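Protein chains in written order, with my numbering: chain A, 953 to 1218; chain X, 4 to 176. Glycine included, each C-beta is placed from N, C-alpha and C at the ideal position. Please read all numbers here as calculations on a predicted model, not as lab measurements. Please read the structure below before turning to the comments.
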């Protein structure tokens, strides 16, 4: 009968991970125990058996099956919502309509941003609702999917709303040539936000600062906003667009009023 | 770099990872599951899960332990869902390889595979990763997220059991 500790040392020796001191112990034991030497030889033979079995080639269809499965897989960046889910868990679940209204505010920002790109950031005059491009229809927020499609000459994108059992959050995809800055402030009371940046231009940023969410975007960026409008839903959301620190545009929108459909013209 | 390209939306970049790991992962799955179709399913699922969860991968870490960990979990899922703990058919086919290569070791491969399949899943996995994939204790520890001590302990028990099975089958003395 071979002592378990000695057998363990035998395997460490076979695996070439034995320490010098353990090797000494093993060698000393082998020298004085012929049965152990025989046992050690058997273990070596067993390990060698594995070495005689080479790699097998995967069936030819495997590669195609993997690639086909990947075609229908969810793109990885969408999975980063998991981070937001965790952040979102910090919030008390709120009625979906409030969150939906906030999602609409996100859409508002995105559309506004595109408009500014198109018309140039140098124009500091306030813009009119009718100049927005895209569709904002909060009634559709209850469904998973895009609520705003943006398709203008200089930019494309979409605002997608996702919801699970207790939360709704919006994902804004922006692809713009010029840098824009967008701030979102919930009138009077600081918003609680969970924000995330999924894919972006190296200089893109999204952050919560003094109760505002600030987005700086150039190139392609994807942002997620999770809102908790926990006080007075009638308070306005202030949308502020800036370039190099100067306020180019500021407008109040009301979550309740944002539930109306707003379709811009090109 | 490849992971970052995938996260930037380049699905094609992931194919590089498929090409790099497909054969290794299939082999590991096959050794754990002992069935070609199950191994295909585990490998395919592992790649899909890895792709979908790529954003959770810590790029400061090595990719292969993460990828293998997903494969191991997929293999365990298959084992638990299909509940294929039936006694082994000793005629498990060993697919692939050239005829001249498999002629000499096919018998041994069959017996070993059959013996490995008699082990509990946890033991099968460490045997597959150590003996068929050639991972070190540390690498197996990374893959399974268990201490090295646990890896050694599982391997030790697995090998003892394997030896008994192989003795019973007359493969070793």
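Cβ-based burial, residue i [other Cβ within 10 Å; buried from 16]
{"i": "residue 1141 (chain A)", "result": "Caution applies to residue 1141 (chain A), whose pLDDT of 47 falls short of 50 and renders its modelled position unreliable; the model cannot decide the point."}
{"i": "residue 1181 (chain A)", "result": "For residue 1181 (chain A), the predicted structure reports a pLDDT of 39, less than 50, and the residue's modelled location is therefore unreliable. A value from the coordinates is still provided. By the 10 Å Cβ count, residue 1181 (chain A) comes out buried."}
{"i": "residue 987 (chain A)", "result": "exposed"}
{"i": "residue 101 (chain X)", "result": "Unreliable placement is indicated for residue 101 (chain X), whose pLDDT of 39 sits below 50; no coordinate value is reported for it."}
{"i": "residue 980 (chain A)", "result": "exposed"}
{"i": "residue 1010 (chain A)", "result": "buried"}
{"i": "residue 997 (chain A)", "result": "exposed"}
{"i": "residue 1012 (chain A)", "result": "exposed"}
{"i": "residue 178 (chain X)", "result": "Look at the range of chain X in this structure, 4 to 176, and you will see that residue 178 (chain X) is not part of it."}
{"i": "residue 112 (chain X)", "result": "buried"}
{"i": "residue 983 (chain A)", "result": "exposed"}
{"i": "residue 116 (chain X)", "result": "buried"}
{"i": "residue 127 (chain X)", "result": "buried"}
{"i": "residue 148 (chain X)", "result": "exposed"}
{"i": "residue 1170 (chain A)", "result": "buried"}
{"i": "residue 962 (chain A)", "result": "buried"}
{"i": "residue 133 (chain X)", "result": "buried"}
{"i": "residue 1173 (chain A)", "result": "buried"}
{"i": "residue 1020 (chain A)", "result": "exposed"}
{"i": "residue 1093 (chain A)", "result": "Low confidence applies here, because residue 1093 (chain A) scores a pLDDT of 37, under 50, leaving its location unreliable; read the following figure in that light. Per the 10 Å Cβ criterion, buried."}
{"i": "residue 34 (chain X)", "result": "buried"}
Neighbouring residues, chain A, relative to residue i (Cβ below 7 Å)
{"i": "residue 39 (chain X)", "result": "1011"}
{"i": "residue 142 (chain X)", "result": "Ordered by position in chain A, no residue passes the 7 Å Cβ test against residue 142 (chain X), which lies about 12 Å from the chain."}
{"i": "residue 30 (chain X)", "result": "1007, 1008"}
{"i": "residue 166 (chain X)", "result": "998"}
{"i": "residue 17 (chain X)", "result": "1022"}
Residue from the options whose Cα sits closest to the Cα of residue i
{"i": "residue 135 (chain X)", "options": "X:26, X:174, X:16, X:81", "result": "X:26"}
{"i": "residue 68 (chain X)", "options": "X:155, X:140, X:163, X:175", "result": "X:140"}
{"i": "residue 955 (chain A)", "options": "A:1168, A:977, A:970", "result": "A:977"}
{"i": "residue 64 (chain X)", "options": "X:152, X:142, X:172, X:149", "result": "X:142"}
{"i": "residue 172 (chain X)", "options": "X:119, X:54, X:132, X:23", "result": "X:119"}
{"i": "residue 70 (chain X)", "options": "X:159, X:133, X:174, X:146", "result": "X:146"}
{"i": "residue 1028 (chain A)", "options": "X:158, X:169, X:62, X:51", "result": "X:51"}
{"i": "residue 66 (chain X)", "options": "X:24, X:31, X:83", "result": "X:24"}
{"i": "residue 158 (chain X)", "options": "X:144, X:169, X:170", "result": "X:144"}
{"i": "residue 131 (chain X)", "options": "X:4, X:29, X:21, X:6", "result": "X:29"}
{"i": "residue 1001 (chain A)", "options": "A:966, A:1016, A:970", "result": "A:966"}
{"i": "residue 1017 (chain A)", "options": "X:72, X:49, X:81", "result": "X:49"}
{"i": "residue 31 (chain X)", "options": "A:1020, A:975, A:1006, A:970", "result": "A:1006"}
{"i": "residue 38 (chain X)", "options": "X:73, X:138, X:81", "result": "X:81"}
{"i": "residue 110 (chain X)", "options": "X:168, X:152, X:174", "result": "X:174"}
{"i": "residue 40 (chain X)", "options": "A:1004, A:974, A:1014", "result": "A:1014"}
{"i": "residue 999 (chain A)", "options": "A:972, A:968, A:1168, A:958", "result": "A:968"}
Partners in chain X for residue i, counting only beta-carbon separations shorter than 8 Å
{"i": "residue 1025 (chain A)", "result": "51, 54, 55"}
{"i": "residue 984 (chain A)", "result": "Near residue 984 (chain A) there are no residues of chain X at all, since even the closest Cβ is about 22 Å away, more than 8 Å."}
{"i": "residue 1028 (chain A)", "result": "9, 10, 54, 55, 56, 57, 58"}
{"i": "residue 1017 (chain A)", "result": "43, 47"}
{"i": "residue 960 (chain A)", "result": "155, 159"}
Neighbour list for residue i in chain X, Cβ cutoff strictly below 7 Å
{"i": "residue 1280 (chain A)", "result": "Coverage of chain A is limited to positions 953 through 1218, which leaves residue 1280 (chain A) absent and any answer about it impossible."}
{"i": "residue 978 (chain A)", "result": "Within 7 Å Cβ-Cβ: nothing; residue 978 (chain A) doesn't reach chain X, min ~15 Å."}
Residues that residue i contacts on chain A, provided the C-beta gap is smaller than 8 Å
{"i": "residue 21 (chain X)", "result": "1015, 1018, 1019, 1022"}
{"i": "residue 26 (chain X)", "result": "1007, 1009, 1010"}
*At least three beta-carbon pairs within less than 8 Å, the region 56-70 of chain X to the region 5-19 of chain X*: The region 5-19 of chain X and the region 56-70 of chain X touch, with three or more beta-carbon pairs separated by less than 8 Å.
*Is the region 13-22 of chain X touching the region 981-999 of chain A, taking contact as three or more C-beta pairs under 8 Å?*
no
*Could you tell me whether the region 971-989 of chain A touches the region 1020-1028 of chain A, using the rule of 3 or more Cβ pairs below 8 Å?*
Contact annotation: the region 971-989 of chain A does not touch the region 1020-1028 of chain A, with fewer than three C-beta pairs closer than 8 Å.
*asked:* Below 8 Å, how does it come out for the region 161-168 of chain X and the region 121-137 of chain X: are there three or more Cβ pairs, yes or no?
replied: yes
*Do the region 68-84 of chain X and the region 39-57 of chain X make contact, defined as three or more Cβ pairs closer than 8 Å?*
yes
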